Amino acid sequence: PEAPVLVNTGTNPGHDIAVIDGRLYDFHGGDGTRIFDFSDPANLQLLGAINDPSINYHHSGWVSTDHNTLFICDELANHPTADISVWDISDLGNPERIDDFADPSAIVHNLYVIGNYAVVAYYTAGLRVYDISNPTNISIVAEYDTSPLNGEFFGGAFGVYAFFPSGTIVLNDWQQGVFVFTFDSTTTGTGPQPGVPATFRLAQNYPNPFNPATTIVFDLPKESTVNLIIYNVMGQKIRSLYSEAKIAGTHAVDWDGRDDSGNPVTSGTYFYRLETDGFSETKRMLLVR
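Those letters in the sequence shown? Residues 9 to 297, per the numbering used here, in order.
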């Protein structure tokens, strides 16, 4: 961290970015949203763009776990303009707006996707959780108003983080401080349950390249015994991150760039491998110290 290396830079200022599974989503304020191939950070390739004039300010957003749906937060939206717009990006050359959500009482700040749910910091409305299993008809399934304030202005819930392996959600409110939540997505009945992934999946770590830590996300469609292991380029085991049973759902784990003995590993290419019941996958990551 004492000597970061600049590998690329842009010419136009944006507001926020998200790097997910080899793509960079650039939320560019009044200039739209752009999607880049991030497999080579030094040579970004534009894959698609969204320039909808009804979106006042492309503030932030996130993508569904299958990478086919993009959620864009418009921080300057005033009712009836949509706060959250939902886009089908399965064809990156032709994004299609398929749904939106407008709240007359508050404006949106930021959003993250965990499985079939979007977890949102909604300024004066506090925390919102949406069921996005049907992206053409998103709906609120949980909410907690952290703020005594009301209205469409900047105050209240300013940031939310939901990628803890425990499922804990942490939210920061400007005036009220930090809130810690648990969210129970358990349902009754038969058939697929909201929040439970349909298939096994190992996502690309983020950030990547990284220094000194990175996050690895994986999906389990059923309770499974999980082994998540880090290897070097020689195939030698460096770190065992998981070796236990995990419930069905989306899980995230951080790697701090250390081996099983707690020693920092050197810069270079590493591989992380997920092994579970009838499924295994390996992905590559780059540590740059």
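For every residue, glycine included, the Cβ atom is placed at its ideal position computed from N, Cα and C. If you're wondering where the values come from, they're calculated on a predicted model, not measured in any experiment.
1) Can you name, in chain order, every residue of its own chain whose Cβ lies under 6 Å from the Cβ of F5, other than the five neighbours on each side?
2) What is the rounded straight-line gap between the Cα of Y130 and the Cα of Y65?
3) Could you give the distance in angstroms between the alpha-carbon of V127 and the alpha-carbon of L119?
4) One question on the structure: do T207 and P173 come within less than 8 Å of each other, judged by their Cβ atoms?
5) May I have the straight-line CA-CA distance separating G199 from W70, to the nearest angstrom?
6) Cα-Cα, which of R247, S68, S62 and I43 is closest to H87?
7) Reducing DSSP to helix, strand and coil, say where P248 ends up.
8) What's the C-alpha gap between N8 and L294?
9) Under 8 Å, do V225 and G276 count as touching if we go by C-beta distance?
10) What's the call for I140, buried or exposed, on a 16-neighbour Cβ count within 10 Å?
11) Taking all protein chains shown into account, decide if N16 is buried (16 or more other Cβ within 10 angstroms of its Cβ) or exposed.
12) State the start and end residues of the unbroken beta strand (DSSP E) segment that holds K291.
13) Using the Cβ count rule (16 or more neighbours within 10 Å means buried), how would you classify P103?
14) If you draw a straight line from the alpha carbon of P202 to that of N142, how long is it in whole angstroms?
15) Grab me the residues of N59's own chain with a C-beta within less than 6 Å of its C-beta, minus the 5 sequence neighbours each way, in chain order.
16) What did DSSP end up calling W182 once you bin it into helix, strand or coil?
17) Of all the options S72, S251 and E83, which has the alpha carbon lying nearest to the alpha carbon of V94?
18) DSSP state of N76, grouped into three classes?
19) If you draw a straight line from the C-alpha of V116 to the C-alpha of C81, how long is it?
20) The beta strand (DSSP E) that contains F109, what's its start and end?
21) Tell me which residues share the same chain as Y152 and place their Cβ nearer than 7 Å to its Cβ, disregarding the 5 neighbours each side in the sequence.
22) Quick one: residues in its chain with C-beta nearer than 6 Å to the C-beta of T77, no 5 flanking neighbours on either side, listed in chain order?
23) With 16 as the cutoff for other CB atoms within 10 Å, does V13 come out buried or exposed?
24) When you compare each of P156, A11 and D29 to F44 by their alpha carbons, which one comes out closest?
25) Which of helix, strand or coil does DSSP assign to H87?
26) By alpha-carbon positions, which one of F166, N51, E10 and N124 ends up nearest to H67?
27) Quick one: is I122 buried, meaning 16 or more other Cβ sit within 10 Å of its Cβ, or exposed?
28) What does DSSP give as the partner residues of T258 in its beta bridges?
29) If we count the other Cβ atoms within 10 Å of its Cβ and call it buried at 16 or more, is E83 buried or exposed?
30) Report yes if the C-beta distance between Y249 and W263 is below 8 Å; otherwise report no.
Per the coordinate set shown:
1) This structure gives no information on residue 5, because the portion of the chain shown stretches from 9 to 297.
2) 15 Å
3) 6 Å
4) no
5) Because the pLDDT at G199 is just 37, under 50, the model does not fix this residue reliably, and the value given afterwards should be weighed accordingly. Straight-line Cα distance between these residues: approximately 27 Å.
6) S62
7) One point to set straight first is that residue 248 is Ser, not Pro, in the sequence displayed. In the structure shown, S248 sits in a strand (DSSP, three-state: E or B).
8) A question about residue 8 goes unanswered here, because the residues of the chain that appear run from 9 up to 297.
9) no
10) buried
11) exposed
12) F287 to L295
13) buried
14) The predicted model places P202 with a pLDDT of 42, which falls under 50 and marks its position as unreliable; any figure quoted below should be read in that light. C-alpha separation (whole angstroms): 10 Å.
15) G40
16) coil
17) S72
18) coil
19) 6 Å
20) E104 to F109
21) G134, L135 and F189
22) P143
23) exposed
24) D29
25) coil
26) F166
27) buried
28) D227
29) buried
30) The sequence as given places Leu at residue 249; Tyr does not occur at that position. Contact flag set, yes.
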